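Protein chains in written order, with our numbering: chain A, 2 to 368; chain B, 2 to 368.
Everything on this sheet refers to the single structure shown next.
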C-alpha cells in the first residue's frame with residue numbers, strides 16, 4: 002500500500018505503524034546490501050581496506066540509476082542521492098574506511114566537497130596546501146585527494162592545474178559544489194568599509210557586487226579567505242569576502258550575504274588517486290598536451306578529437322615551467338580512454354604533440 | 002536470497018545486479034516512507050515547517066527499534082543508526098528544514114553533536130555564546146538549540162546549567178559525543194613546551210597526561226580551546242590543548258594525539274526547545290529545585306523520588322544567583338513527567354521546596 006492511494010486517512014498511530022514496517026524492510030535491505038558489498042570484496046580476493054573495493058565508475062552508475070528512478074519524488078534528487086551516498090559510504094567502510102586528503106582546515110568548501118562525494122563514513126585528512134594533498138596521495142598516506150580546480154565565474158585554479166604537469170597522479174572524479182560568499186566586517190556597517198581583503202578568486206566572484214556597493218573601496222588580494230578574515234578583524238575600515246565559517250572563527254559580522262555575482266556560483270573539484278578506473282558510461286577525459294614550436298600547433302592536436310566526433314568541454318593554456326614544455330594545454334574531452342574512438346584520437350594527437358599525458362578518465366559530476 | 006546463504010559464489014556482475022535490485026527496493030521504500038511522513042504532517046493539520054512535525058520521543062523509539070533489529074550486523078549499530086537518522090532527517094526536511102542553534106564556529110564539538118543527533122538535512126546556526134543559543138531558541142529564530150552540559154571526566158559546564166535557572170526553555174533531548182584532545186604547538190616538539198593553554202574543561206580532561214609528560218609546564222586556563230590555539234601560535238614555548246580543527250585553523254602541529262586521560266572521554270549536550278514532548282518509554286527528567294534554609298533540606302526534597310522507586314542519575318548544587326534562590330540543585334531522575342509516579346514525586350517535592358521547576362523530560366541518549 003502506498004501513502005497516496007490510501008482511501009480513508011489513517012490516524013497517527015496507524016501511520017506510524019506503516020512507517021515502522023517500512024523501516025524494518027529498509028533496514029533488512031541495507032544489511033543485505035552490506036553483506037553483498039563484502040562479497041564484492043571477496044570476489045576480488047582477500048582485501049582489507051576500503052580503497053581496494055572503491056570503484057568510482059560503479060558509484061556513478063548506481064547514483065545515475067537513483068536519479069532515473071526518483072522521477073516521482075517526493076524527495077529531491079539531491080536528498081535521495083545524498084542518502085545513497087551515505088549507504089554506499091557505510092557499506093564500503095566495513096573494512097578500514099577511505100582516507101581522503103583535502104585543503105583544510107575543516108569547514109572549508111573543500112571539506113564540503115569531500116563529504117558530498119564520499120559520504121561521512123570516511124577519514125578526512127585536512128592538509129595545509131594543495132601541494133600536500135598531491136604528496137599525501139602519492140605517498141599512499143591518503144587513498145584519494147580532493148583539490149579545487151575551477152570556479153564557474155572565476156575560471157581555473159592555476160596552482161592545482163600546474164601540479165598535474167609533474168605529478169604521476171590520476172584524476173578519478175569531479176565534484177561540483179555551490180558556494181556562497183559573504184561580506185564580513187568587525188563593525189558590521191557597509192559605510193565604514195574602505196578596504197576589502199580576499200582571495201583573488203573570491204574577489205573575482207563578487208566583482209559586480211563590489212562595483213555597485215563599494216565602488217571606492219580598495220580590493221586587496223591575499224592568500225586565502227581565512228587570511229582575509231584574520232586581517233579584517235584588526236580594523237574598523239576593513240572587510241573580508243569569505244564563507245560563513247570564517248565569520249564565526251574570526252568573530253566578524255555578516256554585512257551582506259551571498260554577494261557572489263552569479264547565483265549559480267559553483268566550484269569544481271578533482272578527485273585525485275593513484276590509478277585510472279574503468280568507464281562508467283558517461284565520462285570525461287582530461288589530457289595535458291604540449292607543443293614545442295608555436296601556439297598555432299594546438300589546432301593540429303585537436304583535429305583528431307574533432308574527427309572522431311568527441312566534443313571538447315574545456316581548454317586551458319598555461320605557460321610552461323621548464324624549457325622543455327613551452328606551452329602546456331589542459332584539454333577535456335567527453336568520453337573515456339577505454340573508448341576506441343578516444344584511444345585512437347589520443348594516439349593521433351600524441352604523434353603530433355611534443356608530449357601528451359592522460360591525466361584521467363572519470364565519471365561526469367552528477368549534481 | 003541472502004549473501005551469506007548463496008551456495009555457489011556469484012561473479013562480480015551478478016553480485017552487482019543483486020545490489021542494484023536491493024537499491025531499487027530501498028529507494029522505493031524511502032520514497033514511500035517520505036510520503037507517509039507527509040501524511041503524519043497532514044494528520045496533525047496543515048503545518049508548514051519541520052519543527053511542527055519533529056517528535057524527539059518518536060525518533061528515539063524508531064532508533065531503539067533499529068538497534069534491536071541490528072543484532073546480526075554486518076553494519077555497526079553506530080552506522081545503522083546514522084543512516085536512519087539521515088533518512089528521518091531527509092523525510093522531515095520535505096518542508097522547511099529544522100533550524101538548530103549551537104555554539105560555533107563550525108567544526109566545534111557542538112556542531113558534531115548537532116549533526117549526530119539531527120542528521121544533515123537541517124540548517125545549522127553557529128552562535129558566539131551559549132547564552133545566544135538560549136536567546137535564539139527563545140526568540141523562535143532557532144527551532145532547537147544544542148548546548149554542552151557536562152564532560153565525563155570534568156563534570157558540569159556550569160555556565161550552561163546556570164542559564165536554565167532563568168530560562169523558560171525546556172530540555173527535549175540529550176546527546177553524548179566522544180571527544181579527543183590533542184597537544185598542539187608551533188614547534189611540534191614536546192621538550193620546548195613551558196606553558197599549556199586551554200579551556201579549564203580540557204585542561205581537566207588531560208590532567209594525568211600533563212602530570213606525566215609536562216610536569217613542569219605552567220597550565221593557563223583561557224576562554225576556549227580556539228583561543229588557546231591562537232595564543233600558542235605566537236610562541237615557541239607554548240602549547241594548546243584542543244581538537245584537530247584548531248590545529249589546522251591556527252597552523253599548529255600535533256605534538257601528541259588523544260591525550261585525554263579517559264579513553265571514553267565523552268561530552269554530553271542538551272537539546273533545548275520551547276516545549277515538552279511526550280514520553281518515549283526510556284526517558285529522564287531534569288529538575289531544578291531550591292531550598293530556602295540549609296543544604297540539609299535537600300534530603301527531604303529527594304525522599305519522594307526514592308519512595309516512588311525512581312532512581313536519580315545526577316545531582317549537582319550551584320550557588321544561587323539571587324537572594325531568593327539560596328541553593329539551587331539540578332537533579333536528574335529516570336522517568337518522564339507523564340508517569341504518575343514521577344508527577345506524584347514532583348508534587349510532593351514541590352510542596353517542600355522553595356521553588357521547583359521541571360526543566361524537561363527527554364529520551365535517554367542512544368549511542
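The beta-carbon is built from N, C-alpha and C at its ideal position, and this holds for glycine as well.
Computed from a predicted structure; not experimentally measured.
- In the three-state reduction of the DSSP assignment, residue 215/A falls in the coil class.
- From the beta-carbon of residue 31/B, the residues of chain A found nearer than 8 Å are 27, 76, 81, 84.
- Pairing residue 126/A with residue 270/A gives a Cβ-Cβ distance that is not under 8 Å.
- Boundaries of the beta strand (DSSP E) harbouring residue 186/A: 183-186, taken from the DSSP string.
- Burial check for residue 97/A: the Cβ neighbour count within 10 Å stays below 16, so the residue is exposed.
- Close to chain A, meaning a Cβ-Cβ distance shorter than 8 Å, is no residue of the segment 168-186 of chain B at all.
- Shown here, residue 92/A sits in a helix according to DSSP, grouped into three states.
- Comparing alpha-carbon positions, the option among 235/B, 236/B, 140/B, 259/B lying closest to residue 245/B turns out to be 259/B.
- Not a single C-beta of chain A is nearer than 8 Å to the C-beta of residue 345/B.
- Straight-line measurement puts the Cα of residue 168/A at about 14 Å from the Cα of residue 357/A.
- Note on residue 35/A: 16 or more other CB atoms within 10 angstroms of its CB, so buried under the neighbour-count rule.
- Against chain A, the CB of residue 141/B has no partner CB under 8 Å away; the residue lies outside that interface.
- Residue burial annotation: residue 217/B is exposed, with fewer than 16 other C-beta atoms found within 10 angstroms of its C-beta.
- At a C-beta separation below 7 Å, residue 63/B has these neighbours in chain A: 24.
- Within the segment 272-352 of chain A, the complete beta strand (DSSP E) runs of at least 3 residues fall at 284-292, 313-320, 328-335.
- Cβ-Cβ separation between residue 197/A and residue 170/A: approximately 36 Å, too far for a contact (criterion under 8 Å).
- The C-beta of residue 292/B comes no closer than 8 Å to any C-beta of chain A.
- If the five residues before and after residue 310/A are omitted, its C-beta is found closer than 8 Å to the C-beta atoms of 342, all from its own chain and listed in chain order.
- Residue 122/B counts as buried, since no fewer than 16 other beta carbons sit within 10 angstroms of its beta carbon.
- Non-local C-beta neighbours of residue 306/A in its own chain, meaning closer than 6 Å and more than five positions away in sequence, comprise 334, 346, ordered along the chain.
- Each residue's CA atom was taken as its position, placing residue 359/A and residue 314/A some 16 Å apart.
- Considering only 165/A, 90/A, 253/A, the residue with the shortest C-alpha distance to residue 234/A is 253/A.
- The bridge partners DSSP lists for residue 364/A are 284/A.
- The C-beta distance from residue 284/A to residue 365/A rounds to 6 Å, short enough to fall under 8 Å.
- Taking all protein chains in view, the Cβ of residue 266/A is crowded by 16 or more other Cβ atoms within 10 Å, so the residue is classified as buried.
- Under the 8 Å criterion on CB atoms, residue 91/A is classed as interfacial with respect to chain B.
- Secondary structure note for residue 152/A: its beta strand (DSSP E) is the uninterrupted segment 145-152.
- Counting the other Cβ atoms within 10 Å of the Cβ of residue 18/A gives fewer than 16, which makes it exposed.
- For residue 199/B, the closest of 85/B, 184/B, 40/B by C-alpha to C-alpha distance is 184/B.
- Annotated three-state conformation of residue 164/A is helix, per DSSP.
- With a threshold of 16 other beta carbon atoms within 10 Å, residue 100/B meets it and is buried.
- If you draw a straight line from the Cα of residue 32/A to the Cα of residue 72/B, it is about 11 Å long.
- Nearest neighbour of residue 164/A by Cα position, chosen from 146/A, 55/A, 278/A, turns out to be 146/A.
- Residue 194/B sits in coil when the DSSP states are folded into three classes, being neither helix nor strand.
- At least one CB of chain B lies nearer than 8 Å to the CB of residue 73/A.
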